Amino acid sequence: AYYSKLVRVAEKYEHFRPFVYEKDYKQFQQFLEYCRTGRGNETLIKVNAIRNTADQILNSISRMNVDKTLAEESKKVVRDIVNTTMAEPKIATLLDKMLKMDGEFLSHSLAVSMVSTAFAKSLNFPQDALNKISESGLYHDIGMFRVDAELHQDPTTLSGAEFKAYKAHTLHGQEILDELYHQGVKLPTEVEIVALQHHEKFNGLGYPNNKKGRQEEVGGQGIHPFARIVSIAEGFVDLIERYNKGKKPL
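Note that the sequence shown covers residues 4 to 253 in my numbering.
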């Protein structure tokens, strides 16, 4: 309704220049054209669908066996991150792809984001770090976009060659986020680091780079603290998801 009203006003009054900064006028004209073609309404519908879905998932996650106050505070952080990033069209497209990829991908990513945030909050991380951890949890598996759909399953059931292709999602995630950065999407650098490192293990048997220990203890060569938090959170979420599906524990 907002877009339609704006277009009607624009058609009634031809001279908007006195009300728009000169430097913004070209962009304003493009925006009006965007509305007239109907793409604005499509985007608005998409954004609202993602926000509504995210909210439903977050409400469901907050009922897990987590301190209620901590869950509510963490849910708010994640919801704010989703709402803020939806203002960026390329991010909105990413979230839309996550929603359509399969029935569980966005749900899993939001759950990891919220649990990561709750974990970090319990460790008294400052608000700026909580925001970055929330975003890192949300996009940690973004590299799965470039992994064959038939490999989007329990990795313990994959063959050696299949598991090697599956593990590449960490490298693909770094690539996708780096491409977004060069397209002008300025996510925190930690988001890219977490996408790359969230399957690393303290003993060096993780992937893709067999990193060992804590970054702050091995001259910057270990695992980033945000990646460690997201890794633990994802492990917890995986256990909950397996339980909800009636699968045996790992």
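Quick reminder that beta carbons are idealized off the backbone N, C-alpha and C, glycines included. Remember, it's a predicted structure, so these values are computed and weren't measured experimentally.
Between which two residues does the alpha helix (DSSP H) holding residue i run?
| i | result |
| --- | --- |
| R82 | K71 to T88 |
| L113 | F108 to S125 |
| D99 | P92 to M104 |
| I179 | H172 to H185 |
| S139 | Q130 to Y142 |
Measuring alpha carbon to alpha carbon, tell me which residue in the options is nearest residue i.
| i | options | result |
| --- | --- | --- |
| D151 | Y142, H143 and L161 | L161 |
| G225 | I136, L109, H201 and L242 | H201 |
| A132 | D241, V233, V240 and E244 | V233 |
| Y2 | L73, F205, A95 and Q218 | Residue numbering for the chain in the displayed model covers 4 to 253; residue 2 lies beyond these limits and cannot be assessed. |
| E219 | F229, P92, I145 and N212 | F229 |
| F148 | L174, I243 and S116 | L174 |
| S112 | L97, V221 and S125 | L97 |
| L180 | D241, H155 and D144 | D144 |
| K93 | G207, E182, T192 and I196 | E182 |
| H227 | L154, E165, K135 and A168 | K135 |
| Q130 | H185, E76, M89 and I196 | E76 |
| K78 | G163, G140 and K214 | G140 |
| Q186 | K103, D157 and E91 | E91 |
| R245 | I196, T192, D157 and P191 | D157 |
| V197 | E165, G207 and R231 | R231 |
| M89 | K214, S63 and L190 | L190 |
Does residue i pass the burial test, meaning 16 or more other C-beta atoms within 10 Å, or should it be called exposed?
| i | result |
| --- | --- |
| E203 | buried |
| G209 | buried |
| G176 | buried |
| D70 | exposed |
| T120 | buried |
| E17 | Only weak support exists for where E17 lies, its pLDDT of 47 falling under 50; the value from the coordinates is given anyway. Exposed, by the Cβ-count rule. |
| L61 | buried |
| K103 | exposed |
| L242 | exposed |
| G163 | exposed |
| S116 | buried |
| G207 | exposed |
| K100 | exposed |
| K15 | Here the model assigns K15 a pLDDT of 47, short of 50, so the residue's position is not dependable, and the following value carries that caveat. K15 should be labelled exposed. |
Is it the case that the CB of residue i approaches a heavy atom of the ligand COA more closely than 7 Å?
| i | result |
| --- | --- |
| R82 | Looking for the ligand COA in the displayed structure turns up nothing, as the structure carries no ligands at all. |
Can the beta-carbon of residue i be found closer than 8 Å to that of residue j?
| i | j | result |
| --- | --- | --- |
| V118 | F239 | yes |
| E138 | V194 | yes |
| F108 | A236 | no |
| L205 | G216 | According to the sequence provided, residue 205 is Phe. The question's Leu does not apply to it. Yes, these two residues count as a Cβ contact at 8 Å. |
| K167 | P211 | no |
| V255 | A57 | Nothing about residue 255 can be reported from this structure: the residues present for the chain run from 4 to 253 only. |
| K125 | L199 | The sequence shown places Ser at residue 125, not Lys. Not in contact: S125 and L199 (Cβ atoms no closer than 8 Å). |
| D83 | H155 | no |
| Any beta strand (DSSP E) of 3 or more consecutive residues that is wholly inside the region 197 to 223 | None, since the region 197 to 223 contains no complete beta strand (DSSP E) of that length.
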